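Q:
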Amino acid sequence: MGVRAAAVLAPALLVVLVAMGTTLAAPAPPAPGSVDRVLQLALDAPRVIDYEGTKIITVLRNGRTETVTAAEFHKRPNMTRLEYLSPEDVAGRLIVDDGATSWHYEPRLNTAFEGPTMNTGLLRGDLSLLHRNYRVTELGTEEVIGRQAYVVLLTPNGPGVSRELWIDQATGTVLRTEERDPSRGVVLTTYFSRISFSLNLPAAYFRFRLPAGARVLHLFPTVDEAATPEVLGRQAGFTVLVPPVLPEGYTFSGGGISRFGSLTSVNLQYSDGDSLMSLFEAPAGSIGAPAFGQDVRVGGRPARFVDLGYFRVLIWDQRGLHLTAVGTMPTETLLAIAGQLLSAQEQALAHSVSQQVAVDPGTVNRLRREGLTFPEITRAVVLSQRLGIDVPTAVRFLQGRLSTAQLAHTVGVSPAALQRGVREALEQASSVGPHLPAH
Amino acid sequence: MTLNHHRVSQLLSAYLDRELGPAETAAVQEHLLDCASCRAAYEGLRTTKELLGELPVAEPPAGFWAAVRAPWLDRRAAAARIRGVFGRRVAWASAAAVLALALAATPLVKGTIDRLHASEIGVDLYVRQHAQAMGAEPFTDRAYLGLTTGDADLVLSGDAPPAGAAPR
Amino acid sequence: MARPNASQAVSYTTEELARYEAIVQRYARHVYNVAYRMTGNEADARDLAQETFLRVYRALRRVEPDAPLESWLYRIVSNLHIDLLRKRPRGRVESLDAPVDTPRGELLREMPDPGSSPEAIIEREQLDATIQRALGTLSPDLRMVVVLSDVEGYSYEEIAMFLRVPLGTVKSRLHRARQILQQRLARYVEARRRGWEP
Ligand SMILES: [Zn+2]
Numbered sequence: 001m002g003v004r005a006a007a008v009l010a011p012a013l014l015v016v017l018v019a020m021g022t023t024l025a026a027p028a029p030p031a032p033g034s035v036d037r038v039l040q041l042a043l044d045a046p047r048v049i050d051y052e053g054t055k056i057i058t059v060l061r062n063g064r065t066e067t068v069t070a071a072e073f074h075k076r077p078n079m080t081r082l083e084y085l086s087p088e089d090v091a092g093r094l095i096v097d098d099g100a101t102s103w104h105y106e107p108r109l110n111t112a113f114e115g116p117t118m119n120t121g122l123l124r125g126d127l128s129l130l131h132r133n134y135r136v137t138e139l140g141t142e143e144v145i146g147r148q149a150y151v152v153l154l155t156p157n158g159p160g161v162s163r164e165l166w167i168d169q170a171t172g173t174v175l176r177t178e179e180r181d182p183s184r185g186v187v188l189t190t191y192f193s194r195i196s197f198s199l200n201l202p203a204a205y206f207r208f209r210l211p212a213g214a215r216v217l218h219l220f221p222t223v224d225e226a227a228t229p230e231v232l233g234r235q236a237g238f239t240v241l242v243p244p245v246l247p248e249g250y251t252f253s254g255g256g257i258s259r260f261g262s263l264t265s266v267n268l269q270y271s272d273g274d275s276l277m278s279l280f281e282a283p284a285g286s287i288g289a290p291a292f293g294q295d296v297r298v299g300g301r302p303a304r305f306v307d308l309g310y311f312r313v314l315i316w317d318q319r320g321l322h323l324t325a326v327g328t329m330p331t332e333t334l335l336a337i338a339g340q341l342l343s344a345q346e347q348a349l350a351h352s353v354s355q356q357v358a359v360d361p362g363t364v365n366r367l368r369r370e371g372l373t374f375p376e377i378t379r380a381v382v383l384s385q386r387l388g389i390d391v392p393t394a395v396r397f398l399q400g401r402l403s404t405a406q407l408a409h410t411v412g413v414s415p416a417a418l419q420r421g422v423r424e425a426l427e428q429a430s431s432v433g434p435h436l437p438a439h
Numbered sequence: 001m002t003l004n005h006h007r008v009s010q011l012l013s014a015y016l017d018r019e020l021g022p023a024e025t026a027a028v029q030e031h032l033l034d035c036a037s038c039r040a041a042y043e044g045l046r047t048t049k050e051l052l053g054e055l056p057v058a059e060p061p062a063g064f065w066a067a068v069r070a071p072w073l074d075r076r077a078a079a080a081r082i083r084g085v086f087g088r089r090v091a092w093a094s095a096a097a098v099l100a101l102a103l104a105a106t107p108l109v110k111g112t113i114d115r116l117h118a119s120e121i122g123v124d125l126y127v128r129q130h131a132q133a134m135g136a137e138p139f140t141d142r143a144y145l146g147l148t149t150g151d152a153d154l155v156l157s158g159d160a161p162p163a164g165a166a167p168r
Numbered sequence: 001m002a003r004p005n006a007s008q009a010v011s012y013t014t015e016e017l018a019r020y021e022a023i024v025q026r027y028a029r030h031v032y033n034v035a036y037r038m039t040g041n042e043a044d045a046r047d048l049a050q051e052t053f054l055r056v057y058r059a060l061r062r063v064e065p066d067a068p069l070e071s072w073l074y075r076i077v078s079n080l081h082i083d084l085l086r087k088r089p090r091g092r093v094e095s096l097d098a099p100v101d102t103p104r105g106e107l108l109r110e111m112p113d114p115g116s117s118p119e120a121i122i123e124r125e126q127l128d129a130t131i132q133r134a135l136g137t138l139s140p141d142l143r144m145v146v147v148l149s150d151v152e153g154y155s156y157e158e159i160a161m162f163l164r165v166p167l168g169t170v171k172s173r174l175h176r177a178r179q180i181l182q183q184r185l186a187r188y189v190e191a192r193r194r195g196w197e198p
């Protein structure tokens, strides 16, 4: 593909390539700022220290805020125990996650729910996707429950929720978080009202023992993280729809199939390094719209919008499929994503993108079947052309599966130079359609 | 209006219940004067209706009132619901649809049990999966994730109403 | 976010709980009665009625104050009942009131007369039990219509609305149901017509 692409390179692209040559020769910019080190400290903290504390969660729900209290225990690297204390309807709830399995026990019902761990993120150590899609600002230091904390603000480049973190200077533990929705203000706050650190909490805290006579429900979706929409569609027996456009920075991060009763759903996940959007697809005949939420219209067609406060859900039917999008992005963004899916002329878009970035349509179609949006494809292609790497490598890098350092090593430039080249390539790619309409 | 014997025999129940229009009522009356067989059939239906109407109102067993007044306390019912996750909550789905008066596309056709059930729990099932997947993001709050998945579990097990089913 | 807040008493305000209590007072006896006539036994009737009210309780906030709930309640009972029958098949279920095709056209299948001694005829309790057994032989659809009409006294229009079926369907189902019951209860019907009041 590289040869072919080079043969049809637009003059503008050549100019950019020349410019990049000068970039690579320029002196390296200053080393990553202290704010990056603070974020890395927070990322590493769960792997180096145990703690036990009381956590207060305040979350928006149906226009009201609700406060929940829980005792939170953490054992390095990836074990969690949560004992919910209030309000009354969650009091007594216990969650024990040993890093492989997550148990939820509800004493009122003497019922336990067994599912996959929710701690997969604790072992991943890469922030490159987050850095690419968020402006990271240090707002100084503040005292939280008598401890000195760095205050860091993560602001998405696209529309979406920004997050403020209070990071303990001594341990890196996140003492407080605040998530702010541009349209609705603070939607989620969590903080420790008390915390004590330890080097070794008893392992027994993190092993779930089933109480006598308890009923057990198993809730394991069959998730195959490496699966592409094409593979998932074959397994599920229908053609999976891939969103043509998502907000800037969202990249395909995995997919799976879940079966619940007779309901078979395919799940596509898109991450921007801090937030996640999930798209669920099931045959239209196997599920109806829920009896609650608001009726909305997407591209002139009926859809259902369910606002759960923090999460927002949009449901619509399309081409014999029942689609459900779940995320924290603004309502208008969710509607725009659905609108793009509904109106997309797949082949026309593929043709247009392949023309604009000078790549063969086969490559575009293949990347679509792998779950990439058109903007992602554009970025991957432009980046591969600029850096002289193959498209799959560019995709891995854009999806955060290949760090800046690794890619810089592969390409043979300094990480700083690579970052600058990437920035410019992405800027160039952003001028190529399609886009989500601005609100 | 004149109605033949067969037609009248089909209308006798409605006649008995005064659910016919004036013209039909008159036509049935007229036929009954002439037709012994229809008179006998009418008498049989009338007596049957009478017998049913005389059935006493069934007296609920001990414990019924307490359980109905405090449904959240009934462990037995809760256990039964959990056992019957895939069966017994169907009527609730259709009932919820009626109350919300907004459900556009769910025809209440028999044999759509799973479909109805799925529409009832679909949002929670998906939100649970979404929350689980969010565990892969670096700075997600785990206590919040636990709360979310825990709530969804209760809906999936039949112990709580679906997310978003509360008023806004 | 998805905080179900209706699973416990504490989540509802005092006013809401008072509204629930008012609904229970107004409807629970009728719901139990219909459930009992549909299922024919105390245990199932209790389960059906309790489950019905649990659903009312959960959906309380979506119930408009003072809105008539019969329609919703009887539909729940009806659906739960059908569900119950599905879950508990008694061998091969053959609908006794399904018309049997014969060369001469439609013919209703005969049930052996469940009545016994003359003394039984004057025993009201036994009569009730017999009627209940006869009701039990009807298909759920026919049973629901005849219970709502002749036991609970609703009009065709109301029943059509409750069960979401056309008026004509109510009419024909009710007529069929009564014809079948009349045959099954022939001995009692005859006795009453001749003036042997039980
Ligand atoms: Zn006649």
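So the protein lines, in turn, are chains A, B and C.
So in my numbering, spot 331 of the first sequence is number 331, and the numbers just go up one at a time.
So in my numbering, spot 47 of the second sequence is number 47, and the numbers just go up one at a time.
So in my numbering, spot 161 of the third sequence is number 161, and the numbers just go up one at a time.
We put the beta carbon where it would ideally sit given N, CA and C, even for glycine.
If you're wondering where the values come from, they're calculated on a predicted model, not measured in any experiment.
Run through DSSP, which three-state label would E88 (chain A) get?
A: Your numbering for residue 88 (chain A) matches position 88 in the first sequence. In this structure, E88 (chain A) counts as coil in the three-state DSSP scheme.
Q: What residue range is occupied by the uninterrupted alpha helix (DSSP H) comprising H6 (chain B)?
A: Looking up residue 6 (chain B) in the second sequence gives position 6. Note, H6 (chain B): alpha helix (DSSP H), H5 to L16.
Q: What does Y36 (chain C) touch in chain B if you count any residue whose Cβ is under 7 Å from its own?
A: Locating residue 36 (chain C) in the third sequence gives position 36, counting from the first residue. Those are A58, listed as they occur along chain B.
Q: Give me the Cβ distance between D153 (chain B) and F113 (chain A), rounded to the nearest whole Å; I'm assuming they're in contact under 8 Å.
A: On the second sequence, position 153 is the one that residue 153 (chain B) refers to. On the first sequence, position 113 is the one that residue 113 (chain A) refers to. Their Cβ separation, rounded to whole angstroms, is 4 Å, which keeps D153 (chain B) and F113 (chain A) in contact under 8 Å.
Q: If we require 4 or more residues per run, which alpha helix (DSSP H) segments fall completely within the stretch 382-414 of chain A?
A: Within the stretch 382-414 of chain A, the complete alpha helix (DSSP H) runs of at least 4 residues are 391-398 and 404-411.
Q: At a CB-CB cut-off below 8 Å, which residues of chain B make contact with N33 (chain C)?
A: Position 33 of the third sequence, counting from 1, holds the residue named residue 33 (chain C). Neighbours of N33 (chain C) on chain B, chain order: V57 and A58.
Q: Just verifying my parser: in three-state terms, what is the DSSP assignment at E19 (chain B)?
A: Reading the second sequence from its first residue, position 19 is the one you call residue 19 (chain B). Here E19 (chain B) sits in coil by DSSP.
Q: Can the beta-carbon of D307 (chain A) be found closer than 8 Å to that of P156 (chain A)?
A: The count along the first sequence starts at 1 and reaches residue 307 (chain A) at position 307. The count along the first sequence starts at 1 and reaches residue 156 (chain A) at position 156. In this structure, P156 (chain A) does not lie closer than 8 Å to D307 (chain A) by Cβ.
Q: Closer than 8 Å, CB to CB, is A67 (chain B) near chain C or not?
A: Translated into positions along the second sequence, residue 67 (chain B) becomes position 67. At a cut-off of 8 Å between C-beta atoms, A67 (chain B) counts as an interface residue with respect to chain C.
Q: Buried or exposed: D5 (chain B), going by 16 or more other Cβ atoms within 10 Å of its Cβ?
A: Within the second sequence, numbered from 1, the residue matching residue 5 (chain B) stands at position 5. At residue 5 (chain B) the sequence reads His, which differs from the Asp that was named. It counts as exposed.
Q: Taking the straight line between their C-alpha atoms, what separation do you get for L69 (chain C) and K55 (chain A)?
A: On the third sequence, residue 69 (chain C) is found 69 positions in, with the first residue counted as 1. On the first sequence, residue 55 (chain A) is found 55 positions in, with the first residue counted as 1. So the alpha carbons of these two residues sit roughly 43 Å apart.
Q: Indicate whether M38 (chain C) and R194 (chain C) have their beta-carbon atoms separated by less than 8 Å.
A: Counting from one through the third sequence, the residue named residue 38 (chain C) turns up at place 38. Counting from one through the third sequence, the residue named residue 194 (chain C) turns up at place 194. Against a cut-off of 8 Å, the Cβ pair of R194 (chain C) and M38 (chain C) comes out as no contact.
Q: Between H5 (chain B) and ligand 1, is the CB less than 7 Å from at least one heavy atom?
A: Counting from one through the second sequence, the residue named residue 5 (chain B) turns up at place 5. H5 (chain B): yes, Cβ under 7 Å from ligand 1.
Q: Taking 7 Å as the limit between beta carbons, can you name the residues of its chain near P247 (chain A), skipping five residues before and five after?
A: Taking the first residue of the first sequence as 1, we reach residue 247 (chain A) at position 247. A distance below 7 Å between beta-carbons, with the five flanking residues on each side excluded, links P247 (chain A) to the following residues of its chain, in chain order: G158, P159, G160, M329, T333 and L436.
Q: Could you check whether the Cβ of V8 (chain B) sits closer than 7 Å to any heavy atom belonging to ligand 1?
A: By one-based count along the second sequence, residue 8 (chain B) stands at place 8. Under cutoff, so the answer is yes.
Q: Is the closest heavy atom of ligand 1 to the C-beta of S265 (chain A) under 7 Å?
A: By one-based count along the first sequence, residue 265 (chain A) stands at place 265. No.
Q: Between S37 (chain B) and ligand 3, is there a pair consisting of the residue's CB and a ligand heavy atom that are separated by less than 7 Å?
A: Among the ligands in the structure shown, ligand 3 does not appear; only ligand 1 can be found there.
Q: Of all the CB atoms in chain C, is at least one closer than 8 Å to the CB of E19 (chain B)?
A: To locate residue 19 (chain B), count along the second sequence from 1; it is residue 19. Yes, contact with chain C.
Q: Thinking C-alpha only, which one of B:R46, B:T47, B:R142 and B:L11 is nearest I95 (chain A)?
A: The residue you call residue 95 (chain A) lines up with position 95 of the first sequence. For the residues B:R46, B:T47, B:R142 and B:L11, the minimum Cα distance to I95 (chain A) belongs to B:R142.
Q: CB S128 (chain A) to CB T404 (chain A), shorter than 8 Å?
A: Translated into positions along the first sequence, residue 128 (chain A) becomes position 128. Translated into positions along the first sequence, residue 404 (chain A) becomes position 404. Between S128 (chain A) and T404 (chain A), the C-beta gap is smaller than 8 Å, which places the two residues in contact.
Q: Does the CB of A143 (chain B) have a neighbour CB from chain A at under 8 Å?
A: Working through the second sequence from its first residue, we reach residue 143 (chain B) at position 143. Flagged as an interface residue toward chain A: A143 (chain B), by a C-beta distance shorter than 8 Å.
Q: Please state if the CB of R184 (chain C) and the CB of T137 (chain C) are separated by a distance shorter than 8 Å.
A: The sequence position of residue 137 (chain C) within the third sequence is 137, counting from 1. The sequence position of residue 184 (chain C) within the third sequence is 184, counting from 1. Contact: yes.
Q: Just the C-alpha distance for S102 (chain A) and H175 (chain C), rounded to the nearest angstrom, thanks.
A: Residue mapping note: residue 102 (chain A) aligns to position 102 of the first sequence, counting from 1. Residue mapping note: residue 175 (chain C) aligns to position 175 of the third sequence, counting from 1. Rounded to the nearest angstrom, the gap between the Cα atoms of S102 (chain A) and H175 (chain C) is 58 Å.
Q: Checking contacts by CB at 8 Å: is V155 (chain B) closer than that to chain A?
A: Your numbering for residue 155 (chain B) matches position 155 in the second sequence. Chain A contact via Cβ: absent.
Q: What's the gap between the Cα of T141 (chain A) and the Cα of A45 (chain A)?
A: The count along the first sequence starts at 1 and reaches residue 141 (chain A) at position 141. The count along the first sequence starts at 1 and reaches residue 45 (chain A) at position 45. Between T141 (chain A) and A45 (chain A), the C-alpha separation is close to 18 Å.
Q: Would you give the residue range spanned by the beta strand (DSSP E) that Y105 (chain A) belongs to?
A: Working through the first sequence from its first residue, we reach residue 105 (chain A) at position 105. Y105 (chain A) -> beta strand (DSSP E) spans T101 to E106.
Q: Using a beta-carbon distance cut-off of less than 7 Å, what residues from the stretch 256-273 of chain A approach chain B?
A: S258, F260, G261, S262, L263, N267, Q269 and S271
Q: Which bits of chain B does V24 (chain C) rub up against, with CB to CB less than 7 Å?
A: Counting from 1 along the third sequence, the entry for residue 24 (chain C) is found at position 24. Against V24 (chain C), the close residues of chain B are V68 and R69, in the order they occur along the chain (beta-carbon pairs closer than 7 Å).
Q: Return yes when at least one heavy atom of ligand 1 lies under 7 Å from the C-beta of H30 (chain C), else no.
A: Position 30 of the third sequence holds residue 30 (chain C). The answer is no for H30 (chain C).
Q: For N79 (chain C), which of helix, strand or coil comes out of DSSP?
A: For the purposes of this step, residue 79 (chain C) is taken as the residue at position 79 of the third sequence. DSSP places N79 (chain C) in helix when its eight states are reduced to three.
Q: Considering Cα atoms alone, identify which of A:T177, A:T264 and A:E376 is closest to P434 (chain A).
A: The residue given as residue 434 (chain A) occupies position 434 in the first sequence. The alpha carbon of P434 (chain A) has as its nearest neighbour, out of A:T177, A:T264 and A:E376, the alpha carbon of A:E376.
Q: What are the residues of the stretch 157-188 of chain C that lie near chain B, defined by any Cβ-Cβ distance shorter than 7 Å?
A: R164, K171, L174, H175, R178, L181, Q182, L185 and Y188
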